[in-house]
Amino acid sequence: MKYADVVLPVPVDKSFTYSIPGQIRGIVRRGYRVLVPLGKGYRIGYVIGTANEKLDIPTRSIVDIVEPFPAFTEEIMSLSEWVAKYYLAPLGLVLKSALPASVHIESEITLHLISIPERKLNSIEKKIVNSLSNRTKLSLSELRKLVNKPNLNFNLQALIDNGYIEKTIRKKEKIKPHIEKHITVSPDVKKTPIEEIIHTHLKRKSKRRELFEFLYAHPDRNFPLTRISAEYGDSAYRGLLSKNLARVVPVEVQRMPTDGWLEEEKQDFTLTSHQKKALERITESIDSERSETFLLFGITGSGKTEIYLRTMEKVLAKGRSVLILVPEISLTPQLWGRLRARFGENVAVWHSQMPDSQRYDIWRSIRKGKTRIVLGARSAVFAPLDNLGLIIVDEEHEPSYKQEEPRPYYNARDIAIVRGKLAKATVILGSATPSVESFYNAQIGKYTLLRLPERVPGSKLPNVTIVDMKVERENKNFDSFSASLKEKIIQNWKAGKNTILLLNRRGYASYIQCPNCGWTDKCPNCNIPLTYHIKNYELVCHWCGYKKRAPERCPECGYENIRLKGRGTERVERDLQSLLEDIPAIRLDHDTSREQNSPAEFLKQFIETPGAVLVGTQMVSKGLDIPEVALVGVISADTGLNFPDFRASERTFQLLTQVAGRAGRTGDKGEVIIQTYYPEASPIQFALKQDYERFYEREIKEREELSYPPFIRIIRVVASGKETPLVRNTIWEIRKKVGRLARESSLRINILGPAPAHIEKLRGRFRWNFLIKTRSVFRTLELLKLTVKNIPRRVKVKVDV
């Protein structure tokens, strides 16, 4: 007997052993998806190993395999095991996240009445038999609705055991392969000279004969029946089929995106000396076929993308595949266009906003080895590419690479580096503003540092100006735009040049407030102020999605003149139209890209409209290479500056430097205006000079003094639940137990907290947390794994590494 260890996509950190039936015994191995019984139902599970040893315990049998090939490569299996261990997540959930949602399959139990029992039936059995006697077959879920009685399973099983009812378990796929009818010449006809066939069957000139001559000329190809019908007519192909001169074959056709990229022409660039040096060093790694991680540190406009493209050419020439990660879906259109211009249509794009049918087809194409280039957001790190030779992580510093919900809570950049080691692939981390941790790793030799310190010819760093908004307010200017920014926007528009305006806050106003009693409207699920959106006059929670109509008067005191406080991208868009009625304003943020058009359509409109202004959140701050942009305005540089996070200073500097880099990418120098209430703040000053290394020197010194990463690792433990006392008591118990276990095992850790989380109530659950500072991540995680095992079921614990 052969057995399989199977993990299930459920929050349970254990595997289940099943016997493998004879008909699939030679097929099932590690990486396969299988249909297995679990309790009274059936689930899809993942095989993590097989064994031939005889077991002393009774086991249930696998029902069937899901597909005739492994869903996961050995590389993805090993990677998922590392992710499960490092991020303290059940392996079944990790493997589930490695598959696009469109690939997930459910099981369905179908019931069929074989014969009506002769014995006396109880009331429930009668209802079951009556329900089935009126239909050929019925699903278990449908039967439950019809019978609507307790003990259904017990009575149903008795009827099945006695042979009155037949139970069939089948896989229920959400999406199936797209099959089209194609036509090709019949196999026997290929061996016969065409003159002989025409003389016997097709003497008269006709569409039928034309079609046959076409098919005969391409004996190893087949053609869509819809196309043949349109060109030659139905009677032509039907006549060939009736004479057995052609046959119809089913062909699986990939559903490809028809848009989503920006058209680009292939361009030949002369590399700068710094680009040549970087390319030569990366080529050495590619030729050696050993794993090596490079930090490509190049200022904005220095030609990092060209390095990506040329290294890809070298890897593809060796027959290996390429994975490119970007932090935002909005970054895919332009890069996708460049990849298509260089490598043709065989570039798969993988992100959450694609239709499920396309993601399903792309996954199958990658898994079958038909696709060798994948471009996508963080989930693409699990793309099942074979013979992976190169991984590119563009804008590696971006926090968007971190998966917050649902589990596992991973960082795609870090997983990419581990995957590179498993695949013996070259990894390139690219950024103009690397994360402090990555730059430190390059300084100590863990990564290889490659520098691109100059912009490519024809592109100049812009002039950057800081505007103190306190002075603007003293001068009675309470608009979104300072006097100098207002003047520059008008000049740019008149000159037909484009502008980008950044405000990293959605909506029209941050919140509403009654000036009479101070009331603000808060989310009932998250207890934070609701954001006002001018469309439909709605108040929206950006955390849980709660919506309501904005009140016309204060519900506390009845005051009618409720004030709008703060501003978001909608307000900036409206202020632009008030400034210049004819100015073409385009807003790109989470709301517009989800509700209206794709990012590609917005960007295309912006590029093709002289004098257009693109207003957006951080989506517009990075990766865009648009020569027409001559002005960048930062409406408020202070949005994230005072956030309670040790990385707040770093992220502010990165955001400002990145958005400033969008200007001046043609012969003109370009201008950047940064509006702030804190002009002397160090990240703003360093962004003014666009001096990453000076910023890094100051930041790394502070982090060493305060014991922050990269000198220490921080693990955050969050407990949440509906009852505050239970959550608070649970987090304290976990904290005490971790501290005790650390002392007993001589593990040095520093625990900060617990305390209420920054957002204490989120999606209806109260949250408390504490931080652990440690130098031994895996040892600390082992202690946490032991600690969180026996917590109350009503409390959920999140361990964030």
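Each residue of the sequence shown is one higher than the one before, counting from 0 in numbering that gives the first Met the number 0. For each residue, glycine too, the CB sits at the ideal point set by N, CA and C.
Problem set entry | Secondary structure, alpha helix (DSSP H): runs of 4+ residues fully inside the region 108-164 | 122-132, 139-146, 151-160
For this session: Measure the alpha-carbon distance for K202 versus Q22 and round it to whole angstroms.
Result: For the purposes of this step, residue 202 is taken as residue 203 along the sequence shown, with counting starting at 1. For the purposes of this step, residue 22 is taken as residue 23 along the sequence shown, with counting starting at 1. If I take the Cα positions, the gap works out to 52 Å.
For this session: Return the Cβ separation of V787 and I733 in integer angstroms, given the expectation that the two are a contact with Cβ distance under 8 Å.
Result: Residue mapping note: residue 787 aligns to position 788 of the sequence shown, counting from 1. Residue mapping note: residue 733 aligns to position 734 of the sequence shown, counting from 1. About 6 Å separates the two Cβ atoms, so the contact holds.
Exercise. Helix, strand or coil: how does DSSP classify Y400 here?
Worked result: By one-based count along the sequence shown, residue 400 stands at place 401. Correct three-state label for Y400: helix.
Problem set entry | Straight-line gap, K206 to D233 (C-alpha atoms, nearest Å) | As a first step, residue 206 must be located in the sequence shown, where it is residue number 207. As a first step, residue 233 must be located in the sequence shown, where it is residue number 234. For K206 and D233, the distance between alpha carbons rounds to 10 Å.
Exercise. Using the rule of at least 16 other Cβ atoms within 10 Å of the residue's Cβ for burial, across every protein chain shown, is R280 buried or exposed?
Worked result: Indexing the sequence shown from 1 puts residue 280 at position 281. Per the 10 Å Cβ criterion, exposed.
For this session: To the nearest angstrom, report how far apart K119 and G38 are at their CA atoms.
Result: On the sequence shown, position 120 is the one that residue 119 refers to. On the sequence shown, position 39 is the one that residue 38 refers to. If I take the Cα positions, the gap works out to 29 Å.
Exercise. Hey, how far is the Cα of P791 from the Cα of E722?
Worked result: The residue you call residue 791 lines up with position 792 of the sequence shown. The residue you call residue 722 lines up with position 723 of the sequence shown. So the alpha carbons of these two residues sit roughly 12 Å apart.
Problem set entry | Close-in-space but distant-in-sequence residues of the same chain around K148 (CB under 6 Å, 5 per side omitted) | Working through the sequence shown from its first residue, we reach residue 148 at position 149. Counting only Cβ-Cβ distances below 6 Å, and skipping sequence neighbours, we find I123.
Exercise. So, using beta-carbon positions, are Q333 and L623 closer together than 8 Å?
Worked result: Locating residue 333 in the sequence shown gives position 334, counting from the first residue. Locating residue 623 in the sequence shown gives position 624, counting from the first residue. A contact, by the Cβ cut-off of 8 Å.
Problem set entry | Residue nearest to R377 in terms of C-alpha spacing, selected from R366, D355, T370, P407 | Locating residue 377 in the sequence shown gives position 378, counting from the first residue. Ranking R366, D355, T370, P407 by CA distance to the CA of R377 puts P407 first.
For this session: Return the CA-CA distance between I499 and C513, expressed in angstroms with no decimal places.
Result: Taking the sequence shown and counting its residues from 1, the one referred to as residue 499 is at position 500. Taking the sequence shown and counting its residues from 1, the one referred to as residue 513 is at position 514. Their backbone Cα atoms lie some 33 Å apart in a straight line.
Exercise. Going along the chain, which residues of its own chain have a beta-carbon closer than 6 Å to the beta-carbon of E165, five neighbours each way excluded?
Worked result: Position 166 of the sequence shown holds residue 165. Excluding positions up to five away in sequence, the list reads H111, I113.
For this session: Decide if I561 is buried, meaning its Cβ has at least 16 other Cβ atoms within 10 Å, or exposed.
Result: Against the sequence shown, residue 561 aligns to sequence position 562. Buried is the call here.
For this session: Determine the DSSP secondary structure at L751, reduced to helix, strand or coil.
Result: Position 752 of the sequence shown, counting from 1, holds the residue named residue 751. Correct three-state label for L751: strand.
Exercise. Looking at C-alpha atoms only, which residue of L761, L785, R450 is the closest neighbour of H541?
Worked result: What you label residue 541 is simply residue 542 of the sequence shown in a count that begins at 1. For H541, the nearest C-alpha among the options comes from L761.
Exercise. Whose CA, out of L94, S101, T271, lies closest to the CA of G457?
Worked result: For the purposes of this step, residue 457 is taken as the residue at position 458 of the sequence shown. Checked all of L94, S101, T271; the closest Cα to G457 is T271.
Exercise. In chain order, what residues of the same chain lie with their CB nearer than 7 Å to the CB of T638, ignoring the 5 residues before and after it?
Worked result: Stepping through the sequence shown from its first residue, residue 638 is reached at position 639. Residues N503, R504 of the same chain have their beta carbon placed closer than 7 Å to that of T638, with the five preceding and five following residues left out of the count.
Problem set entry | Cut-off 8 Å between Cβ atoms - residues of its own chain near S276, not counting five sequence neighbours on either side | What you label residue 276 is simply residue 277 of the sequence shown in a count that begins at 1. The amino acid occupying residue 276 in the given sequence is Lys; Ser does not appear at that position. Residues L449 of the same chain have their beta carbon placed closer than 8 Å to that of K276, with the five preceding and five following residues left out of the count.
For this session: Take every Cβ of the region 479-490, pair it with every Cβ of the region 528-537, and state whether three or more of those distances are shorter than 8 Å.
Result: no
Exercise. Do the region 244-255 and the region 170-185 make contact, defined as three or more Cβ pairs closer than 8 Å?
Worked result: By the C-beta criterion, the region 244-255 is judged to be in contact with the region 170-185, since at least 3 inter-stretch pairs fall below 8 Å.
For this session: Output the distance between the C-alpha atoms of G365 and P528, rounded to the nearest integer angstrom.
Result: Counting from 1 along the sequence shown, the entry for residue 365 is found at position 366. Counting from 1 along the sequence shown, the entry for residue 528 is found at position 529. It is Ile, not Gly, that sits at residue 365 in the sequence shown. About 45 Å.
Exercise. To the nearest angstrom, how far is it from the Cα of S329 to the Cα of T432?
Worked result: Within the sequence shown, the letter at position 330 stands for residue 329. Within the sequence shown, the letter at position 433 stands for residue 432. Rounded to whole angstroms, the separation of the alpha carbons of T432 and S329 is 19 Å.
Problem set entry | Extent of the continuous alpha helix (DSSP H) to which W518 belongs | In the sequence shown, counting from the first residue as 1, residue 518 sits at position 519. Taken as a continuous stretch (DSSP letters only), W518 belongs to no alpha helix (DSSP H), as it is neither H nor E.
Problem set entry | One or two residues paired with T530 in a DSSP bridge | Start at 1 with the first residue of the sequence shown, and residue 530 comes out as number 531. Beta-bridge pairing links T530 to V539.
Exercise. Helix or strand or just coil, what does DSSP make of G444?
Worked result: Working through the sequence shown from its first residue, we reach residue 444 at position 445. Coil.
For this session: Could you check how far apart the C-beta atoms of V426 and F293 are, in whole angstroms? I think they sit under 8 Å.
Result: Residue mapping note: residue 426 aligns to position 427 of the sequence shown, counting from 1. Residue mapping note: residue 293 aligns to position 294 of the sequence shown, counting from 1. Right, the Cβ-Cβ distance comes to about 7 Å (below 8 Å), so this counts as a contact.
Exercise. Along the chain, which unbroken stretches of the alpha helix (DSSP H) at least 4 residues long are found entirely within the region 39-87?
Worked result: Runs found: 73-85.
Exercise. From the beta carbon of K420, is the nearest beta carbon of chain B less than 8 Å away?
Worked result: In the structure shown, chain B does not exist; there is a single protein chain.
For this session: List the DSSP bridge partners of S430.
Result: Working through the sequence shown from its first residue, we reach residue 430 at position 431. As a beta-bridge residue in DSSP terms, S430 pairs with F296.
Exercise. What distance in whole Å lies between the Cβ atoms of G300 and V455, which are believed to be in contact at a cut-off of 8 Å?
Worked result: To locate residue 455, count along the sequence shown from 1; it is residue 456. To locate residue 300, count along the sequence shown from 1; it is residue 301. Correct: roughly 6 Å between the Cβ atoms.
Exercise. Between the beta-carbon of G610 and the beta-carbon of I585, is there less than 8 Å?
Worked result: Here residue 610 refers to the residue found at position 611 when the sequence shown is read from its first residue. Here residue 585 refers to the residue found at position 586 when the sequence shown is read from its first residue. Not closer than 8 Å, so no.
Problem set entry | Continuous beta strand (DSSP E) assignments of at least 3 residues falling wholly in the region 598-669 | 612-615, 628-633
Problem set entry | Beta-carbon proximity list for E395, same chain, < 7 Å, skipping 5 on both sides | Counting from one through the sequence shown, the residue named residue 395 turns up at place 396. Taken in chain order, the residues that qualify are R412, L428, G429, S430, P433, S434, S437.
Problem set entry | Burial state of Q689, where buried means 16 or more other Cβ atoms lie within 10 Å | Start at 1 with the first residue of the sequence shown, and residue 689 comes out as number 690. By the 10 Å Cβ count, Q689 comes out buried.
For this session: Return the CA-CA distance between W362 and Y86, expressed in angstroms with no decimal places.
Result: Here residue 362 refers to the residue found at position 363 when the sequence shown is read from its first residue. Here residue 86 refers to the residue found at position 87 when the sequence shown is read from its first residue. Their backbone Cα atoms lie some 25 Å apart in a straight line.
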